[in-house]
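Going line by line, the protein sequences match chains L and Y.
If you count by my numbering, then the first sequence holds residues 136 to 286, one letter each, in order.
If you count by my numbering, then the second sequence holds residues 136 to 286, one letter each, in order.
2 protein chains.
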Amino acid sequence: MHCQHRHTHERQELAALTSRLRREDRKITGPRAAILEILRHHPHPLTNKEIFSELPEGECDLATIYRAMQMLEKLGMVQRFDFGDGAARFELVGEGNNGHHHHLICTRCASVVEVQKCFPEEVEREIAKTNGFTGVTHRLEFFGICPDCQK
Amino acid sequence: MHCQHRHTHERQELAALTSRLRREDRKITGPRAAILEILRHHPHPLTNKEIFSELPEGECDLATIYRAMQMLEKLGMVQRFDFGDGAARFELVGEGNNGHHHHLICTRCASVVEVQKCFPEEVEREIAKTNGFTGVTHRLEFFGICPDCQK
DNA sequence: CGCCTTATTGCAAAAGGTTTGCAATAAGAA
DNA sequence: TTCTTATTGCAAACCTTTTGCAATAAGGCG
């Protein structure tokens, strides 16, 4: 059930996030709340450094962000992405969602579009079976030149 | 000892590689020949450090390998892969081949199987078109537990 | 064959991104 | 409020990769 105004909606989401932490016996600290706030307001995967620079001056140490993201990833609250530029990126994952999806990234300006298409399940199953692997997933990202950069 | 047939075959391949370098006005140096030898004998993507440790003691500096791989990649003689563990991997590419393919990697023991299946072209084209991107490619790797590690 | 030019190398330092040890701090429980 | 213990900040360490620079050696030319 969604509420009418945006503010309330956001509040609920943060509450949902913190309660999820509490459920896992994690403390709700200033830095963690601030990080979750940033993530909630950003629809795209963010690097730790990007999160850091969004944070108010001195709000939290970079190392703390690294530790927080590791924990959030372990709890499944955040999904890690790798755009191949050497920096991990993270996106908040809704509860009961595994966060699996892909992106289309501009190789000129680094803009990012979310992609809903996925690798065909039956082909993946076939690959797993052929090679005797179990628990097979994949990492998939698309790269190209965005409309703006074509001009 | 290897049979003569195979030996000849290997020699030819190395000659093909060096002639390709020569064609591009690159010098055939000791380190480069040694690196190509290593790559030729390894069917799987290797990290620079792995190449380095395959090399006879003092044969070549790590920095030289990094520079060589950059050059070989630019010439299209080598294909870069990213298994998400923070180290780039490289595989030799046959001439007239773009080297595009994927892998299935065991998350326990890191063993690697080459995968010939690829993301469906028409879906990729659709993704490109929908978002107005041009020159779209993808990076795709599969992860799971290999037969040995299931035991 | 030996010289010359210039690409290439080795070495050491630097540049990212990420992790970690440790003492100080602060959340949450009692 | 006090107590316990997870969490933080800070600085140092780690890893992969890049880079500056002087020394070296490939390949072209005479």
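Backbone N, C-alpha and C define an ideal beta-carbon position, used for all residues, glycine too.
Being a predicted model, the structure only gives us computed values, none of them experimental.
Suppose the cutoff is 6 Å on Cβ atoms and the five residues either side in sequence are ignored; what does the same chain contact list for residue i look like?
i, result
"residue 239(Y)", "248, 250 and 277"
"residue 150(Y)", "none"
"residue 234(L)", "214 and 228"
"residue 179(Y)", "247"
On a CA-only basis, which of the options is nearest residue i? Give me that one, please.
i, options, result
"residue 198(L)", "212(L), 183(L) and 211(L)", "183(L)"
"residue 210(L)", "256(L), 157(L) and 254(L)", "157(L)"
"residue 285(L)", "243(L), 269(L) and 218(L)", "243(L)"
"residue 177(Y)", "225(Y), 267(Y), 282(Y) and 261(Y)", "225(Y)"
"residue 194(Y)", "228(Y), 159(Y), 180(Y) and 168(Y)", "168(Y)"
"residue 218(L)", "274(Y), 201(Y), 266(Y) and 230(Y)", "274(Y)"
"residue 216(L)", "185(L), 181(L) and 160(L)", "181(L)"
"residue 259(L)", "220(Y), 279(Y) and 232(Y)", "279(Y)"
"residue 172(L)", "155(L), 227(L), 161(L) and 206(L)", "227(L)"
"residue 205(L)", "161(L), 231(L), 179(L) and 256(L)", "161(L)"
"residue 207(L)", "192(L), 221(L), 256(L) and 155(L)", "155(L)"
"residue 212(L)", "281(L), 255(L), 192(L) and 152(L)", "152(L)"
"residue 264(L)", "281(Y), 232(Y) and 266(Y)", "281(Y)"
"residue 220(L)", "241(L), 196(L), 192(L) and 257(L)", "241(L)"
Report buried or exposed for residue i, applying the criterion of at least 16 other Cβ atoms within 10 angstroms of its Cβ.
i, result
"residue 146(Y)", "With a pLDDT of 41 at residue 146(Y), under the threshold of 50, the modelled position of this residue cannot be trusted, and the question is left open."
"residue 223(L)", "buried"
"residue 163(Y)", "exposed"
Under 7 Å Cβ to Cβ from residue i, same chain only, skipping five residues before and after it: list those, please.
i, result
"residue 148(Y)", "175"
"residue 98(L)", "Outside the modelled stretch of chain L, which goes from 136 to 286, sits residue 98(L), for which no answer is possible."
"residue 186(Y)", "170, 173 and 200"
"residue 246(L)", "281"
"residue 254(L)", "273 and 275"
Within a Cβ cutoff of 8 Å, which residues of the same chain sit near residue i, ignoring the five residues on either side of it in sequence?
i, result
"residue 262(Y)", "268 and 271"
"residue 203(L)", "166, 167 and 170"
"residue 252(Y)", "237"
"residue 159(Y)", "210"
"residue 266(L)", "none"
"residue 256(L)", "none"
"residue 191(L)", "169"
Inset, instruction - Give, in chain order, every unbroken run of the alpha helix (DSSP H) that is at least 4 residues long and sits entirely within the segment 173-245 of chain L. - result: 183-189 and 197-209
Inset, instruction - Counting only runs of 3+ residues fully inside the segment 242-273 of chain Y, write out the beta strand (DSSP E) ranges in chain order. - result: 247-250
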